[in-house]
Structures are given as C-alpha cells and as structure tokens.
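See structure below.
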Amino acid sequence: MADLLLSRRAALAGALSLGGATLAGCNRGEEAEPRVPASAMTLQEAVAGEWRPPEDKARDAWRHPAETLDFFGLKPGMTVVEMWPGAGWYTDILAPYLAASNGKLYAANLQPSDPASVEVVEAYRQKLRSRPRLYGEVEITAFGPTSGPIAPAGTADLVLTFRNIHNWMAGGIVDKAFADAFAALKPGGVFGVVEHRAEPGGVQDPAAASGYVDQAYVIRLGQEAGFILDRTSEINANPRDTKDHPFGVWTLPPVGRTSPRGEPVDPDFDRSRYEAIGESDRMTLRFVKPT
0 MADLLLSRRA
10 ALAGALSLGG
20 ATLAGCNRGE
30 EAEPRVPASA
40 MTLQEAVAGE
50 WRPPEDKARD
60 AWRHPAETLD
70 FFGLKPGMTV
80 VEMWPGAGWY
90 TDILAPYLAA
100 SNGKLYAANL
110 QPSDPASVEV
120 VEAYRQKLRS
130 RPRLYGEVEI
140 TAFGPTSGPI
150 APAGTADLVL
160 TFRNIHNWMA
170 GGIVDKAFAD
180 AFAALKPGGV
190 FGVVEHRAEP
200 GGVQDPAAAS
210 GYVDQAYVIR
220 LGQEAGFILD
230 RTSEINANPR
240 DTKDHPFGVW
250 TLPPVGRTSP
260 RGEPVDPDFD
270 RSRYEAIGES
280 DRMTLRFVKP
290 T
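In terms of numbering that gives the first Met the number 0, the sequence shown opens at residue 0 and continues consecutively.
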C-alpha cells in the first residue's frame, strides 16, 4: 500500500502542476475549460481530447486506451465504475465521454485511512471540481479493507480496473475487490481487468511483491467470485518484457526505479535497457457476470 500511495501521490502532484493549468482553470472558472462536443462524443474524441496532459497521451502507445475500452464494451450512456483511479489517467477519458452521453461514472477511490490516502482522494476530487462541465457529476465512492459498496448493487454496466490487482494482493483485499465488482454489476455486466503479467507456470507470490501476477491466477480469482471469463486480449502485451528486473515492474517506465523502495536514487544505475523494453507486458481480461 505504501508503494501505491507513493506512486499515486507523485502522479497527482504532476497532474496538478502542469503549468498550473488544472488548478488555475479552477480559479478562472468554467471559461478556462477545454472545448468539448456539445451533446455527444466518440471514444476517439475522448482519447484525443485537448484536456489530456501531453505526458498522458505519450503513454497511449503502451496503454492503448481506445482499443482497451472498446474491448471491454464501453458504450454511450453506460454506468461505469473505475476502481482506484489514481491521478485520473483513465478518468480523463471516461468522465468526459460519459458526461457527454448522460452516462454515469463512479470512482471507487482509496478508502481514506491515513494522511497519504486522504491526500490522494482530495487531489482527485479537486481535479474533478476544476472542470465540472468536462467531467460531469462523477460520484466518488471508496474501495478498501472495510469499505461499503463501490456503487449501488446491480446498477453498473461496466467495472474497470487498471494495474491494481497486485496492490490488492499485497493489501490482502483482492477477493473483496472481485466480490465488490460482482455486486455492483448488473447481470450481464462486464468486469474489465488490465494487470502486469507474470511468466506462466511459476509459483504465484500471494503478495505479488514484483508487481507481476500470473494470468491463470487472476482468471481463477474471477471465476471463484462468480464471473465467467468471456474473452482475453493481447492489446496490452509487450513481448520484450523479460519480467526479471531488479526492482520488479517498477524498474520499467513510467516509474523507472533505480534502487530499492525507500532508498535514494542510484545515479549510476543504467536505465537504458529498461527504457528500451518500455512499459510492462499486461494481460487484458473481460469477465461477465452471469445473467
């Protein structure tokens, strides 16, 4: 959890300091908001939106947001839950898209338990408040060890999570995550999962200390929660990822760790090999709640 909060606090700090654009926009009022389509928005328009920071768009080549959301079945007017949205990388696509089509987005953020988690949630809340016309009425709920429903039971068309399974395993709440997603979905609803993928056939570390998780293990988690595995995709695969990095998945971009967590940056660490690999190899799984 500490690892997660450090990375998310850094991402949020970056998002809120982009030339002062986000918070300055809030101070200037809605006139500073970007231009958005008046009534409807295609997924491609949401991904190309001028409100998305350049460094976020630069990661599209690794995260493939349009293809990923299309695979999960995102449609106008849906009710969607994003679990642990972090700084809002995907929120910047989902919220405007849904707001333009009378859809609904629930953001099941960290369950506030200490000053760091409170800071993450408040920064995310400020981001949404800064551009109300763009983001619409996103409803912030919580997911954590003792949290309640992430959305009203049986109301969501789609629940999404991006690179959080390992965090939930480390926190001992992965079973609860799948159960809460299942409860929020309508019959026939989809739980979309993207996660760092371990080499198959190994012994799964229950705490996922490397950040990598066996795909078969995640599929089993879904099935034990009552889901049916509908489809898998290689949209977010990266065959160059050898998955044997000294500081786990965080050795790779975008984190680029050069020393163990909590230790100073190692200026002599050669990042070039890991930059050449790019971001991690990822599974993309589409689970369905039975009708």
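All C-beta atoms in this analysis are idealised placements derived from N, C-alpha and C, irrespective of residue type, glycine included.
Among the candidates the options, whose CA atom is the shortest distance from the CA of residue i?
{"i": "Leu93", "options": "Pro53, Val158, Glu121 and Ala152", "result": "Val158"}
{"i": "Thr283", "options": "Trp50, Gly72, Glu54 and Ala45", "result": "Gly72"}
{"i": "Leu127", "options": "Arg162, Ala141, Ile164 and Ala86", "result": "Ala86"}
{"i": "Gly221", "options": "Asn237, Arg285, Ser271 and Gly210", "result": "Arg285"}
{"i": "Trp249", "options": "Ser209, Ile139, Ala215 and Gly135", "result": "Ser209"}
{"i": "Glu223", "options": "Pro289, Pro53, Lys74 and Ser232", "result": "Pro289"}
{"i": "Gln43", "options": "Glu194, Asp59 and Ile172", "result": "Asp59"}
{"i": "Asn237", "options": "Arg281, Asp174, Glu198 and Glu194", "result": "Arg281"}
{"i": "Trp50", "options": "His63, Asn101, Asp113 and Arg132", "result": "Arg132"}
{"i": "Pro148", "options": "Ile227, Val189 and Met82", "result": "Met82"}
{"i": "Val212", "options": "Asn166, Asp113 and Pro52", "result": "Asn166"}
{"i": "Pro53", "options": "Ile218, Val80 and Trp88", "result": "Trp88"}
{"i": "Phe226", "options": "Asp113, Ile164, Arg272 and Phe190", "result": "Phe190"}
{"i": "Gly76", "options": "Gly277, Arg162 and Gly102", "result": "Gly102"}
{"i": "Met168", "options": "Arg130, Val80, Gln125 and Tyr216", "result": "Tyr216"}
{"i": "Ser112", "options": "Ala141, Thr90, Lys74 and Ala207", "result": "Ala141"}
{"i": "Val287", "options": "Tyr273, Gly277 and Ile218", "result": "Ile218"}
To the nearest angstrom, report how far apart residue i and residue j are at their CA atoms.
{"i": "Gly143", "j": "Gln110", "result": "5 Å"}
{"i": "Lys56", "j": "Lys185", "result": "32 Å"}
{"i": "Gly48", "j": "Met40", "result": "10 Å"}
{"i": "Tyr105", "j": "Ser279", "result": "27 Å"}
{"i": "Ala122", "j": "Asp69", "result": "28 Å"}
{"i": "Pro95", "j": "Val137", "result": "10 Å"}
{"i": "Trp61", "j": "Pro253", "result": "10 Å"}
{"i": "Ala183", "j": "His244", "result": "37 Å"}
{"i": "Thr145", "j": "Ala107", "result": "13 Å"}
{"i": "Ile139", "j": "Asp267", "result": "42 Å"}
{"i": "Thr67", "j": "Asp269", "result": "32 Å"}
{"i": "Thr344", "j": "Gly255", "result": "One cannot answer for residue 344 here, as it falls past the ends of the chain, which runs 0 to 290."}
{"i": "Thr241", "j": "Thr257", "result": "17 Å"}
{"i": "Gly201", "j": "Gly135", "result": "44 Å"}
{"i": "Thr231", "j": "Val46", "result": "22 Å"}
{"i": "Ile234", "j": "Pro64", "result": "10 Å"}
{"i": "Thr160", "j": "Pro84", "result": "8 Å"}
{"i": "Asp229", "j": "His195", "result": "19 Å"}
{"i": "Val173", "j": "Pro205", "result": "10 Å"}
{"i": "Ser100", "j": "Ile164", "result": "30 Å"}
{"i": "Gly187", "j": "Leu97", "result": "20 Å"}
{"i": "Gln214", "j": "Pro199", "result": "7 Å"}
{"i": "Gly171", "j": "Leu251", "result": "25 Å"}
{"i": "Pro114", "j": "Ala275", "result": "36 Å"}
{"i": "Gln203", "j": "Thr90", "result": "31 Å"}
Could you give the residue range of the alpha helix (DSSP H) that holds residue i?
{"i": "Ala60", "result": "Asp59 to Arg62"}
{"i": "Asn166", "result": "Ile164 to Ala169"}
{"i": "Arg256", "result": "Run containing Arg256: none; DSSP gives neither H nor E here."}
{"i": "Val79", "result": "Where Val79 is concerned, there is no enclosing alpha helix (DSSP H), although the beta strand (DSSP E) it sits in stretches over Thr78 to Met82."}
{"i": "Ala98", "result": "Thr90 to Ala98"}
{"i": "Arg196", "result": "Looking at the DSSP string, Arg196 is not in any alpha helix (DSSP H), and its letter there is neither H nor E."}
{"i": "Asp55", "result": "Pro53 to Lys56"}
{"i": "Arg130", "result": "First-last for Arg130: undefined, no H or E at that position."}
Going by DSSP, name the residue or residues bridged to residue i.
{"i": "Tyr123", "result": "Partner(s): none; Tyr123 has no beta bridge."}
{"i": "Phe190", "result": "Val158 and Phe286"}
{"i": "Arg272", "result": "Note: Arg272 sits in no beta bridge, so no partner."}
{"i": "Val46", "result": "Answer by DSSP bridge pairing: none, since Val46 is not bridged."}
{"i": "Ala107", "result": "Met82 and Thr140"}
{"i": "Leu73", "result": "In the DSSP output, where bridge partners are listed per residue, Leu73 has none listed."}
{"i": "Val212", "result": "Arg196"}
{"i": "Leu184", "result": "Ala155"}
{"i": "Arg281", "result": "His195"}
Regarding residue i and the ligand ADP, is the C-beta to nearest heavy atom distance less than 7 Å?
{"i": "Glu198", "result": "Of ligands this structure carries none, so the ligand ADP is not represented either."}
Ends of the beta strand (DSSP E) at residue i?
{"i": "Thr291", "result": "A question about residue 291 goes unanswered here, because the residues of the chain that appear run from 0 up to 290."}
{"i": "Ile139", "result": "Glu138 to Phe142"}
Can you find a CB in chain B that lies within less than 8 Å of the CB of residue i?
{"i": "Gln43", "result": "Of the protein chains in this structure there is only one, and it is not chain B."}
If we count Cβ pairs, one from each stretch, closer than 8 Å, do we get three or more for the segment 250-268 versus the segment 162-180?
-> no
Cβ contact (3+ pairs, closer than 8 Å) linking the segment 116-133 and the segment 151-166 = The answer is no - the segment 151-166 does not touch the segment 116-133, with fewer than three Cβ pairs under 8 Å.
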